[in-house]
Ligand SMILES: [Zn+2]
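In the UniProt record's numbering, the protein residues as written are 1 to 315.
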């Protein structure tokens, strides 16, 4: 527990549809951790007036009440890699602020830490390029905050089934190429990262051997394993974006069943989440949903790359 680096950022990377929201919520239910959601989306949500918090769905007691307008403006601009001042180019502003020792604006995680008691933030932004950009910040290069990587993986065929289900018009060929590209980029970044601060988490293993995986994760982050953290729906969370199905389970627990989010899930997923309890359940719908033609296309394009992630155990 007595680590010299007190503050840690855990970045969850990988393709979408891998259960990263679930992992983030469970980690975020540990008393030392706070789940941020997909911070990479904060800028877009803020600019377009979308609710920042996927749980509160309106004025959020964290994002809206602990940050004033100017702080949110600066924070979201830095995270969105855009200008803070429309008259000054970003590169120039960075230089000037460095000269005057006013770089705190460009250290967004430090700003967020200043609002919280927790020492570990979980960010499930997933896109490697965005994460790389964040790690250039002085808050990381100075060693003030330690960064940890979790590569969340899942059988690519299950990811395909999930993605096709929610993306009208997407073909198996397009998906397979996109997935392969994403996995290669993620692996390249992950491979170069220090081994003592990273871990691969398989969705299937996480769901079927949850406690074992959580113990490994807690060991990695040097925090005590607390079994109750798995009951993520009992804790308060304020996450940006995230999987709507998983979020709907939290809302269900809170009896907010008339929420718009649930209508959206119903439209996309039928009764899957409706009939699901709050316990973890391995989602193998791909076995019934994908046609042999779709599977053939995936195997031809990405089959080799998917070998380490294949999960063929029966339920
Ligand atoms: Zn909230």
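Here a beta-carbon is modelled for each residue, glycine too, at the ideal position from N, C-alpha and C.
Because the structure is a prediction, the values reported are computed rather than measured.
Cβ pair residue i, residue j closer than 8 Å
| i | j | result |
| --- | --- | --- |
| residue 185 | residue 131 | no |
| residue 285 | residue 202 | no |
| residue 80 | residue 135 | no |
| residue 152 | residue 14 | yes |
| residue 239 | residue 33 | no |
| residue 48 | residue 242 | no |
| residue 10 | residue 232 | no |
| residue 7 | residue 145 | yes |
| residue 154 | residue 45 | no |
| residue 172 | residue 294 | yes |
| residue 156 | residue 302 | yes |
| residue 204 | residue 311 | yes |
| residue 19 | residue 126 | no |
| residue 316 | residue 124 | This structure gives no information on residue 316, because the portion of the chain shown stretches from 1 to 315. |
Where the alpha helix (DSSP H) through residue i begins and ends
| i | result |
| --- | --- |
| residue 299 | 292-306 |
| residue 126 | Careful: residue 126 lies outside any alpha helix (DSSP H), inside the beta strand (DSSP E) at 120-126. |
| residue 282 | Looking at the DSSP string, residue 282 is not in any alpha helix (DSSP H), and its letter there is neither H nor E. |
| residue 148 | Careful: residue 148 lies outside any alpha helix (DSSP H), inside the beta strand (DSSP E) at 145-153. |
| residue 70 | 69-79 |
| residue 139 | 138-141 |
| residue 108 | 108-113 |
Start and end residues, beta strand (DSSP E) containing residue i
| i | result |
| --- | --- |
| residue 11 | 7-13 |
Checklist entry - Which residue spans inside the stretch 17-49 form an unbroken alpha helix (DSSP H) run of at least 4? => result 20-28 and 42-47
Checklist entry - Are the stretch 140-148 and the stretch 24-43 in contact at 8 Å, needing three or more beta carbon pairs? => result no
Next on the checklist: Threshold first: 3 residues or longer. Then list the beta strand (DSSP E) segments lying entirely within the stretch 156-243, N to C.
Outcome noted: 198-202
Next on the checklist: With three or more C-beta pairs closer than 8 Å as the rule, is the stretch 293-313 touching the stretch 155-169?
Outcome noted: yes
Next on the checklist: Whether or not the stretch 104-112 and the stretch 211-222 are in contact is what I'm after, with contact meaning three or more pairs of Cβ atoms, one per stretch, closer than 8 Å; do they touch?
Outcome noted: no
Checklist entry - Going along the chain, which residues put their C-beta within less than 7 Å of some heavy atom in ligand 1? => result 53, 55, 56, 60, 61, 62, 63 and 238
Checklist entry - Touch check for the stretch 83-93 and the stretch 53-64: three-plus C-beta pairs under 8 Å? => result Contact between the stretch 83-93 and the stretch 53-64 is not established, with fewer than three Cβ pairs separated by less than 8 Å.
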